[in-house]
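A.B. asks: Taken in order, the sequence shown gives residues 40 to 219; the numbers are from the numbering used here. Shown below is the structure under consideration.
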Amino acid sequence: MAVAYTAETLSRVQAWLSLSLSKRHTNAGKAELHALYALITGGSAAGCTNCNYSGYVGILEAYERQALRLLHPELMADSNYSLAPGFENEQFVHEKFSSVVTADNLTDEAAEFFIKNGFEHAFVKKEAAKSEPSQPRLTEKQQAVADYKELFGEEPDAAKTAKELKELIAAKKAELDLQD
């Protein structure tokens, strides 16, 4: 079953995870745990709560981490790599690397280190990082010339500067806006 990551569910999960241990074990706390488990997994949490408690809490913690990654990617470390499917909740530790690496703090340096040290199966280069820009970046003048050609349907005078071309383009756009 596909998990629906929503801000509302994330908020409920975070609220439950922020409860004190004694409040988590009240009847209301356990009822909310069961409801969240059922909402996230689509399955019933009717089994022995005491037997499966840490597993239920683990599901909520994993949901929180993944929801934050998907709903708020700006909070995650910027990297050209991501963890491969199945490794999203794993921690990577190596005696020659100074910190524990998770999906939340993954950097290019960390990914490349672990790839070199036998963990290439756990890291995937993101598609955006794989593909080189298909077109080289245009200079300001080249962009202005392209915009001029598109708007006027002809080549501009080669002696015109980028600033002059932009002024002509702006004037033409203003004229067209008035006609509409």
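For glycine and all other residues, C-beta sits at the position ideal for the given N, C-alpha and C.
So within the stretch 62 to 145, which uninterrupted alpha helix (DSSP H) runs reach at least 4 residues, ignoring any that extend past its ends?
C.D. replies: 66 to 80 and 88 to 110
A.B. asks: With DSSP as the reference, label K199 as helix, strand or coil.
C.D. replies: coil
A.B. asks: Would you decide whether S137 is buried or exposed? Buried here means 16 or more other CB atoms lie within 10 Å of its CB.
C.D. replies: exposed
A.B. asks: So, do the stretch 191 to 209 and the stretch 145 to 160 have three or more beta carbon pairs nearer to each other than 8 Å?
C.D. replies: no
A.B. asks: If you drop the 5 nearest sequence neighbours on each side, which residues of the same chain put their C-beta closer than 6 Å to that of L72?
C.D. replies: Y95
A.B. asks: Quick one: what's got a C-beta closer than 8 Å to D147's C-beta in the same chain, skipping five residues either side?
C.D. replies: S118, N119 and Y120
A.B. asks: Rounded to whole angstroms, what is the Cα-Cα separation between Y102 and I79?
C.D. replies: 8 Å
A.B. asks: Could you tell me which residues DSSP pairs with V163 in its beta bridges?
C.D. replies: S121
A.B. asks: Excluding the 5 residues preceding and the 5 following E203 in the sequence, name in chain order all residues of the same chain whose CB lies nearer than 8 Å to its CB.
C.D. replies: Excluding positions up to five away in sequence, the list is empty.
A.B. asks: Out of I208, K180 and A213, state which residue places its alpha-carbon closest to the alpha-carbon of A223.
C.D. replies: Shown here, the chain extends from 40 to 219; a query on residue 223 therefore has no answer.
A.B. asks: If you draw a straight line from the C-alpha of A183 to the C-alpha of K211, how long is it?
C.D. replies: A183 and K211 have their C-alpha atoms some 13 Å from each other.
A.B. asks: By alpha-carbon positions, which one of A150, E127, D186 and V140 ends up nearest to A201?
C.D. replies: D186
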